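Colleague:
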Amino acid sequence: MSVCTLRINERDVAVPTGTTLLEAARQASIPIPTLCFLEGLSAVAACRLCLVEVSGADGREEPRLLAACVTTATEGMRVQTHTPRLQEIRRTVVELLFTEGNHVCAICVANGHCELQNMAVEVGMDHSRLPYRFPDRRVDLSHAQFGLDHNRCILCTRCVRVCDEVEGAHVWDVGWRGEHCQIISGLGEPWGAVEACTHCGKCVDVCPTGALFHKADTNEEKHGHPERLQALVHARTHQEWSP
Amino acid sequence: MTTNHATDANQPARRTITIDPVTRIEGHAKISIHLDAAGAVDTARFHVTEYRGFEKFCEGRPFTEMAGITARICGICPVSHLLAAAATGDKILAVQIPPAAEKLRRLMNLAQITQSHALSFFHLSSPDFLLGWESDSAKRNIFGLIAANPELARSGIRLRQFGQGVIEALGGRKIHAAWAVPGGVRSPLSPETRDQIRQDLPDAFAIAEQGLALFKHLLDTQLREEMEVFGHFPSLFMGLVRSEGTWEHSSGRHCAGIRVMASDGSLVADGLKEDDYASFLAEAVEPWSYLKFPYIKALGPEAGSYRVGPLARLNLCERIGTERADRELLELRQRGGRVVTASFLYHLARLIEILACLEQMEQLLDDPELTATHVRARASVNCHEAVGVSEAPRGTLLHHYRVDANGLIERVNLIIATGQNNSAMNRTITQIARHYLDGNNLSEALLNRVEAGIRCFDPCLSCSTHAAGQMPLQVQLFSSEGELLQQRRRD
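Chains as they are written, first to last, in our numbering: chain R, 1 to 243; chain U, 1001 to 1491.
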């Protein structure tokens, strides 16, 4: 196994070739915030929270902004993960997520257990400097067990990926464009009408916010369970099934 | 305080006096007093000047969220909306909630009534009685009370703390605990928590008895005139009653429905079901207030106006059903008649209800079923329209939801206790103004009494803080043509 050495925040880090910057940083116990990334699923760099400043790659010296979850570590790379510029970008990204949807924490099923809420705290978003858009969005309760509230969706696409890559049902997709972009089930049908859905609930387990939830959930009752997916992926990959 | 003479005060025309905002109530409002050409009080109006729009923005939300959303209407009595929303949700699921859940909800409502009444009497209203109508407005508040009677002030705070503590023990937090859900409640009561609540009861009883003794003494000595002038008039009364005609505060297995009684004690209607409220209640609208004027449909807006809340509940029941509170109820009726029509006695009714709540809590805590662990029934949408009812501290609260096949809200109607007392509040301030207004003399004492008349009903217009120190107040005097003649204001 070949190894490459890079510097992250002035620390030398050696990782196997092919490792992403996010994995390399985490192996070195350097935290990089993420929302769309979830171990066990493919990386899509949708949320842009894991942007880092990279120099020394491909002979370029000027720092470039690259998403750590999809950038492969190379020999001699120099990476900064928490510069003032990056912290400003991350706070702005979270502000954009909040202002682009309708996130009313006080009455949300995920209040207190929400990755977006935790991220706002982590990046120091005590208020939004951007105006709220208050888009007119719908709630889909057509499924027998689960609900989808587009108001709370941040388009991380974890649901799309887990349904496709792990469950193999491919119920979810991303439809429309720009500000109209939203998660769709089937070919834009109500969730309850999509026959491909196996009712497994993996999409609900991995959703970082209260966008996907159990229908009986009320205020603060939804807890995400990404560890269930990770246990399943680990078992399949390593053929290690816990009793 | 400033005085503004907009025009010649001697002008012989009909005028209006406005008090804006009214302080030490839940929310913001103003009062205007309309004088006729002779300078006598024509009418007085209680204006609610805020609009919040809950009924509109709930549309499109899952009905399971309604408890969490509507509880946010108020920070003082969120439990009332929580319980009414949960009761409505039970009907949408079409389930009978587990007996333990029903008892736990009752326990929370008793704690809610206790803490809210303690706030109303000790924090908001007692400074008026104890410090006097003529006292400095900057000191006539809870802080002035702390300075003048620290033991009473501390007791009031402790009693409220007790009620809030029970709410927190059950729901996990004092305010906006989204614990009651369609189908029951989220978590059972542990025997340890039950024992802790029981341990705190004797102190709460002592404070309630202390408040009762003090207020009855004041009524017998220095508040006789207030009893006669602060909203003393015949009207209908409406509220829930329990089977056997006893005092009731929640819907449930033993609730006998809604009763309407006239001030001569005759029953206008009995056993009304909340589901049929639209058949017996109607709401009038006036252009000068966002607060509607509900009335008994069959009798029309005038004859059909009614009062709700503590006094109404005590008037409607034959007896309360617990020893100490029944003794006090008997004394109340000796003081004010079988049906008490003096609105000033709302304060006494509140204190009696605190005692009733504490006694009923004591009984509930002895019930072994209270700590059962099956507290939530699960079901999907089985009914598309439902009405839930609960007795909030301030009176009967109705939630009416219509949902689509999946449980998304299509229409909401909320009938709030304060709205139902709207006509009575207007009559009360008219009566007070007629008695105390002397020509153009907008005395501090008059303004204070008009405000206090409103506070008899403990109106909850929405969440509001109660400013420390000087209270903002505005009074305006208008001519019969609507011209501003005089204005007094303190910020």
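Don't be surprised by glycine CBs; every beta carbon is placed ideally from N, CA and C.
Note that the structure is predicted; figures quoted are calculated from it, not measured.
Please state whether the Cβ-Cβ distance between residue 1063 of chain U and residue 1320 of chain U is less than 7 Å.
Modeller: Numbered from its first residue, the second sequence carries residue 1063 of chain U at position 63. Numbered from its first residue, the second sequence carries residue 1320 of chain U at position 320. In this structure, residue 1063 of chain U sits away from residue 1320 of chain U, with a CB-CB distance that is not shorter than 7 Å.
Colleague: Sort out for me which residues DSSP pairs residue 1237 of chain U with in a bridge.
Modeller: Looking up residue 1237 of chain U in the second sequence gives position 237. U:1261 and U:1307.
Colleague: Touch check for the segment 1079 to 1093 of chain U and the segment 1376 to 1395 of chain U: three-plus C-beta pairs under 8 Å?
Modeller: With a cut-off of 8 Å, the segment 1376 to 1395 of chain U and the segment 1079 to 1093 of chain U count as touching, because enough Cβ pairs lie within range.
Colleague: Helix or strand or just coil, what does DSSP make of residue 203 of chain R?
Modeller: On the first sequence, residue 203 of chain R is found 203 positions in, with the first residue counted as 1. Residue 203 of chain R: helix per DSSP, three-state reduction.
Colleague: Which residue's Cα is closest to the Cα of residue 1235 of chain U: U:1286, U:1183, U:1190 and U:1299?
Modeller: Mapped onto the second sequence, residue 1235 of chain U falls at position 235. Selected option, being the one with the closest Cα: U:1299.
Colleague: Closest to residue 1448 of chain U by CA distance: which of U:1193, U:1214, U:1439 and U:1433 is it?
Modeller: Locating residue 1448 of chain U in the second sequence gives position 448, where the first residue counts as 1. Measuring from the Cα of residue 1448 of chain U, the nearest candidate turns out to be U:1433.
Colleague: Identify the contact partners of residue 142 of chain R in chain U, using a Cβ-Cβ distance below 7 Å as the criterion.
Modeller: As a first step, residue 142 of chain R is located in the first sequence; it is residue number 142 there, counting from the start. Going along chain U in sequence order, the residues near residue 142 of chain R (Cβ under 7 Å) are 1406.
Colleague: According to DSSP, is residue 1467 of chain U helix, strand or coil?
Modeller: In the second sequence, residue 1467 of chain U corresponds to position 467, counting from 1. Confidence at residue 1467 of chain U is low in this model, with a pLDDT of 26, below 50, so its placement is unreliable and no value can be given for it.
Colleague: Give the DSSP-derived three-state secondary structure of residue 1011 of chain U in the structure shown.
Modeller: Locating residue 1011 of chain U in the second sequence gives position 11, where the first residue counts as 1. In this prediction, residue 1011 of chain U has a pLDDT of 48, which is less than 50 and means its spatial position is unreliable; what the coordinates show is noted afterwards. Three-state result, residue 1011 of chain U: coil.
Colleague: Hey, residue 1381 of chain U and residue 1421 of chain U are a contact pair by Cβ (cut 8 Å); roughly how many whole angstroms apart?
Modeller: Here residue 1381 of chain U refers to the residue found at position 381 when the second sequence is read from its first residue. Here residue 1421 of chain U refers to the residue found at position 421 when the second sequence is read from its first residue. The Cβ separation is near 34 Å, so there is no contact.
Colleague: For residue 52 of chain R, count neighbouring C-beta atoms within 10 Å of its own C-beta (all shown protein chains included) and say buried if the count is 16 or more, exposed if not.
Modeller: Counting from 1 along the first sequence, the entry for residue 52 of chain R is found at position 52. Residue 52 of chain R is buried by the Cβ-count criterion.
Colleague: Buried or exposed: residue 1009 of chain U, going by 16 or more other Cβ atoms within 10 Å of its Cβ?
Modeller: For this step, residue 1009 of chain U is matched to residue 9 along the second sequence. Caution applies to residue 1009 of chain U, whose pLDDT of 44 falls short of 50 and renders its modelled position unreliable; the value that the coordinates give is listed next. With fewer than 16 Cβ atoms within 10 Å of its Cβ, residue 1009 of chain U is classed as exposed.
Colleague: Name, in chain order, the residues that DSSP records as bridge partners for residue 1232 of chain U.
Modeller: Taking the first residue of the second sequence as 1, we reach residue 1232 of chain U at position 232. Partner(s): U:1342.
Colleague: State the CB to CB distance for the pair residue 1314 of chain U and residue 1349 of chain U, rounded to an integer number of angstroms; the pair is presumed to be in contact (CB under 8 Å).
Modeller: Your numbering for residue 1314 of chain U matches position 314 in the second sequence. Your numbering for residue 1349 of chain U matches position 349 in the second sequence. Residue 1349 of chain U and residue 1314 of chain U do touch by the CB rule: their CB atoms are close to 5 Å apart, below 8 Å.
Colleague: Looking at C-alpha atoms only, which residue of U:1073, U:1108, U:1279 and U:1263 is the closest neighbour of residue 1308 of chain U?
Modeller: Here residue 1308 of chain U is taken as the residue at index 308 of the second sequence, counted from 1. Nearest option by C-alpha distance: U:1263.
Colleague: Who are the near neighbours of residue 1402 of chain U in its chain, counting only those whose CB is closer than 7 Å to its CB and skipping five residues on each side?
Modeller: The count along the second sequence starts at 1 and reaches residue 1402 of chain U at position 402. So the list reads 1384, 1385, 1410 and 1411, once near-sequence residues are dropped.
Colleague: Would you list the residues sitting across from residue 152 of chain R in a DSSP beta bridge?
Modeller: Working through the first sequence from its first residue, we reach residue 152 of chain R at position 152. In the DSSP output, where bridge partners are listed per residue, residue 152 of chain R has none listed.
Colleague: Specify the secondary structure class of residue 171 of chain R as computed by DSSP and reduced to three states.
Modeller: The residue you call residue 171 of chain R lines up with position 171 of the first sequence. Here residue 171 of chain R sits in coil by DSSP.
Colleague: Taking Cβ to Cβ, would you say residue 181 of chain R is nearer than 7 Å to residue 171 of chain R?
Modeller: Here residue 181 of chain R refers to the residue found at position 181 when the first sequence is read from its first residue. Here residue 171 of chain R refers to the residue found at position 171 when the first sequence is read from its first residue. Result no, Cβ atoms of residue 181 of chain R and residue 171 of chain R do not sit closer than 7 Å.
Colleague: Can you name the residues that DSSP bridges to residue 189 of chain R?
Modeller: Start at 1 with the first residue of the first sequence, and residue 189 of chain R comes out as number 189. Beta-bridge partners of residue 189 of chain R (DSSP): R:185.
Colleague: Skipping 5 residues on each side, what residues in its chain have a beta carbon closer than 7 Å to that of residue 156 of chain R?
Modeller: As a working note, residue 156 of chain R is residue 156 in the first sequence. Closer than 7 Å at the Cβ level, and outside the excluded window around residue 156 of chain R, lie 35, 36, 46, 47 and 208.
Colleague: Look at the alpha carbon of residue 1458 of chain U and the alpha carbon of residue 1159 of chain U, and state the distance between them as a whole number of angstroms.
Modeller: On the second sequence, residue 1458 of chain U is found 458 positions in, with the first residue counted as 1. On the second sequence, residue 1159 of chain U is found 159 positions in, with the first residue counted as 1. Their backbone Cα atoms lie some 17 Å apart in a straight line.
Colleague: Verify whether the separation of the beta carbon atoms of residue 40 of chain R and residue 230 of chain R is less than 7 Å.
Modeller: Taking the first residue of the first sequence as position 1, residue 40 of chain R is located at position 40. Taking the first residue of the first sequence as position 1, residue 230 of chain R is located at position 230. The answer is yes: Cβ separation under 7 Å.
Colleague: In chain order, what residues of the segment 1054 to 1087 of chain U put their CB closer than 8 Å to some CB of chain R?
Modeller: 1060, 1061, 1062, 1064, 1065, 1067, 1068, 1069 and 1072
Colleague: Taking CB distances under 7 Å as the criterion, tell me whether residue 1483 of chain U reaches chain R.
Modeller: Counting from one through the second sequence, the residue named residue 1483 of chain U turns up at place 483. False, the Cβ-Cβ gap to chain R never drops below 7 Å.
Colleague: How far does the alpha helix (DSSP H) with residue 1195 of chain U in it reach, from first residue to last?
Modeller: Here residue 1195 of chain U refers to the residue found at position 195 of the second sequence. From DSSP, the alpha helix (DSSP H) with residue 1195 of chain U extends over 1191 to 1221.
Colleague: Is it buried or exposed, residue 1114 of chain U, if we count other Cβ atoms within 10 angstroms and call 16 or more buried?
Modeller: Indexing the second sequence from 1 puts residue 1114 of chain U at position 114. By the neighbour-count rule (16 or more Cβ atoms within 10 Å), residue 1114 of chain U is buried.
Colleague: Pull up the distance between the alpha-carbon of residue 1089 of chain U and that of residue 55 of chain R, whole angstroms please.
Modeller: Within the second sequence, the letter at position 89 stands for residue 1089 of chain U. Within the first sequence, the letter at position 55 stands for residue 55 of chain R. Whole-angstrom Cα-Cα distance: 58 Å.
Colleague: Give a yes or no on whether 7 Å exceeds the smallest Cβ distance from residue 1206 of chain U to chain R.
Modeller: As a position in the second sequence, residue 1206 of chain U is number 206, starting the count at 1. Not closer than 7 Å to any Cβ of chain R, the Cβ of residue 1206 of chain U fails to qualify, so no.
Colleague: Could you have a look at residue 194 of chain R and say whether DSSP puts it in helix, strand or coil?
Modeller: Working through the first sequence from its first residue, we reach residue 194 of chain R at position 194. Note: residue 194 of chain R maps to coil in three-state DSSP.
Colleague: To which residues does DSSP link residue 1438 of chain U through a beta bridge?
Modeller: As a first step, residue 1438 of chain U is located in the second sequence; it is residue number 438 there, counting from the start. Bridge partners of residue 1438 of chain U: U:1441.
Colleague: When we look at the beta-carbon of residue 196 of chain R and count the other beta-carbons within 10 Å, is it buried (16 or more) or exposed?
Modeller: Locating residue 196 of chain R in the first sequence gives position 196, counting from the first residue. Burial call: exposed.
Colleague: List the residues of chain R whose Cβ lies closer than 7 Å to the Cβ of residue 1378 of chain U, in chain order.
Modeller: Taking the second sequence and counting its residues from 1, one reaches residue 1378 of chain U at position 378. Those are 216, listed as they occur along chain R.
Colleague: Can you give, in chain order, each stretch of the alpha helix (DSSP H) that sits fully within the segment 1346 to 1416 of chain U and has at least 4 residues?
Modeller: 1346 to 1365
Colleague: Using the three-state DSSP reduction, which class does residue 132 of chain R fall into: helix, strand or coil?
Modeller: Here the question's residue 132 of chain R lines up with position 132 in the first sequence. Residue state, collapsed to three classes: coil.
Colleague: Measuring straight from C-alpha to C-alpha, what distance separates residue 1116 of chain U and residue 174 of chain R?
Modeller: Sequence index remark: in the second sequence, residue 1116 of chain U carries index 116 (1-based). Sequence index remark: in the first sequence, residue 174 of chain R carries index 174 (1-based). Straight across, the Cα-Cα distance linking residue 1116 of chain U with residue 174 of chain R is about 49 Å.
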